[in-house]
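Protein chains in written order, with this note's numbering: chain A, 570 to 672; chain B, 1175 to 1346.
Backbone N, C-alpha and C fix where the C-beta goes; we use that ideal spot for every residue, glycine too.
Remember, predicted model here, so these are calculated numbers, not experimental data.
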């Protein structure tokens, strides 16, 4: 365990901002959701690394990550249901074609 | 010797995470993006294993790699033809995204690199795998630092999510 904490944090920072880039540039809603998963995952890594390196006797970061994974699963399932419903209505999943709230 | 092996494994995992997460957001085929996301999630599980949070790594593999990515692949195949390429980005959009992400990386990286973290020496406390019994007691206990209420709230959330998913996606 001689790896410095900052190495993990740099990796998760790069992952997070790759997610930001994808979220800003993508038009396909599923690709935006994939970028969102990247960002969530980077935050999870940070929780775990802080738990292990700064407070190794506690388990708070562990449980935060555990609950975050559960919530991310729920959120993704619901978002994909919404996206498929939109696909049924307008036959594609580009955000540019979504300018009405109700059909 | 073990430390060198640890460092080599961490280097490999970090390389996979960095390369695949950048490829995830730059590839033009969305199915490939989902595949690269799968590699990123695997490498993240590897990092959890390396930090001795074995249970968390297993949860990551089961929920993310086993559940969410499958959901993504199914919905991608439902909503687009395989082999479709996303249209090339307009330069304005790409510049905005690049500025946002590079600026953010620089600001965050600078803050992280200059902040004095007080890392405890890991040899002073008992390291090693978190015991399953400890996790179970913390999840089901009602005392301080125990998590029965979030656990139950999450179970209600998952139930609401199931019902909501059925309600949204059903045929009318």
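- In the displayed model, residue 1317 of chain B falls within coil according to three-state DSSP, outside both helix and strand.
- Ranked by Cα distance from residue 1205 of chain B, the first of B:1224, B:1176 and B:1250 is B:1250.
- Non-local C-beta neighbours of residue 573 of chain A in its own chain, meaning closer than 7 Å and more than five positions away in sequence, are absent.
- Within chain B, no residue has its beta carbon less than 8 Å from that of residue 664 of chain A; the closest one is some 12 Å off.
- The C-alpha of residue 583 of chain A lies about 15 Å from the C-alpha of residue 1184 of chain B.
- Within its own chain, the residues whose Cβ lies closer than 6 Å to the Cβ of residue 1260 of chain B, once the five positions on either side in sequence are excluded, are 1202, listed in chain order.
- Short of 6 Å from the beta carbon of residue 620 of chain A, and not among the five residues preceding or following it, lie these beta carbons of its own chain, in chain order: 630 and 631.
- Residue range 574-594 is occupied by the alpha helix (DSSP H) that includes residue 584 of chain A.
- Between residue 1322 of chain B and residue 640 of chain A, the C-beta spacing is not below 8 Å.
- Shown here, residue 663 of chain A sits in a strand according to DSSP, grouped into three states.
- Think of a sphere of 9 Å around the beta carbon of residue 1179 of chain B: no beta carbon from chain A falls inside it, the nearest being about 11 Å out.
- In this structure, B:1344 is the residue among B:1177, B:1344 and B:1175 with its C-alpha nearest to the C-alpha of residue 658 of chain A.
- In terms of Cβ geometry, residue 628 of chain A and residue 1193 of chain B do not form a close pair [threshold 8 Å].
- If you look at residue 1281 of chain B, you'll find it in the alpha helix (DSSP H) that goes 1265-1288.
- Listed by position along chain A, the residues whose Cβ is nearer than 9 Å to that of residue 1230 of chain B are 613, 617, 631, 634, 635 and 638.
- A buried status is given to residue 601 of chain A, since no fewer than 16 other beta-carbon atoms sit within 10 Å of its beta-carbon.
- A direct Cα-Cα distance of roughly 11 Å separates residue 1274 of chain B from residue 592 of chain A.
- Look at the beta carbons and you see the stretch 1227-1237 of chain B not touching the stretch 1263-1281 of chain B: under three pairs across the two are nearer than 8 Å.
- Listed in chain order, the positions of the stretch 1202-1232 of chain B with a beta carbon within less than 7 Å of a beta carbon of chain A are 1204, 1207, 1208, 1211, 1214, 1215, 1218, 1221, 1222, 1225, 1227 and 1230.
- For residue 1324 of chain B, the enclosing alpha helix (DSSP H) begins and ends at 1322-1343.
- In the DSSP annotation of this structure, the continuous segment of the alpha helix (DSSP H) that includes residue 1176 of chain B starts and ends at 1176-1200.
- Residue 1187 of chain B is positioned such that its CB atom lies no closer than 8 Å to that of residue 617 of chain A.
- Straight-line spacing of the CA atoms in residue 1339 of chain B and residue 650 of chain A works out to 6 Å.
- Leaving aside the five residues that flank residue 1195 of chain B on each side, the residues in its chain whose CB is nearer than 6 Å to its CB run, in chain order, 1214.
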